[in-house]
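Please read the structure below before turning to the comments.
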Amino acid sequence: MLSQAPAPIGAYFDAIERGRVEDVAAVFSPDGEVRDERVAHRGREAISAWAADTLERYKMRNTLLSERVEGGRHVVVARVTGAFPGSPLDFTYRFTLGADGVAVLEISL
1 MLSQAPAPIG AYFDAIERGR VEDVAAVFSP DGEVRDERVA HRGREAISAW
51 AADTLERYKM RNTLLSERVE GGRHVVVARV TGAFPGSPLD FTYRFTLGAD
101 GVAVLEISL
């Protein structure tokens with residue numbers, strides 16, 4: 001469970017766990033961006049499509065391991081279990097927040 005992260009970050013992980021694609025997109029600013037698997041998804045419509053595809057394809061579950069602030073970004077490490085090679089793997093989520101939600105989310109191993 002996240003103890004120090006701002007509300008949009010907690011809401012992101014909650015929406016992912018519940019499989020609520022619209023709620024995933026809603027935590028982002030209107031021109032927010034997700035960078036995942038070397039592809040950038042910009043804007044809520046693109047983020048919604050990315051979330052739907054990711055949740056359907058990988059059927060993933062997150063166990064949050066740690067959180068910290070690093071260089072102005074909120075960094076969360078989660079153990080992710082799902083339908084992908086090497087599962088489970090520890091992923092790093094780097095959130096940059098804006099005035100109206102998550103501006104950028106970078107996901108990496």
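Going by UniProt numbering, the sequence shown opens with residue 1, and the numbers climb by one from there.
Using N, Cα and C, we set each Cβ at its ideal position, and we do this for glycine too.
query	result
Within 8 Å, strictly: CB atoms of residue 34 and residue 105	yes
Sheet register partners of residue 107 (DSSP bridge)	93
Close-in-space but distant-in-sequence residues of the same chain around residue 189 (CB under 8 Å, 5 per side omitted)	Absent from the model: residue 189. The displayed extent of the chain is 1 to 109, so no value can be given.
When 84, 94, 86 and 82 are compared against residue 72, the one with the closest alpha-carbon	94
Where the beta strand (DSSP E) through residue 36 begins and ends	28-36
Classification of residue 84 by the beta-carbon crowding that lies within 10 angstroms, buried from 16 upward	exposed
Other residues of its chain near residue 21: CB distance less than 6 Å, five sequence neighbours each side excluded	48, 51 and 52
Distance between beta carbons of residue 54 and residue 75, contact taken as under 8 Å	Contact doesn't hold; Cβ gap of about 20 Å is too wide.
Alpha carbon of residue 108 to alpha carbon of residue 30, nearest angstrom	23 Å
Residue 113, DSSP secondary structure in three states	A question about residue 113 goes unanswered here, because the residues of the chain that appear run from 1 up to 109.
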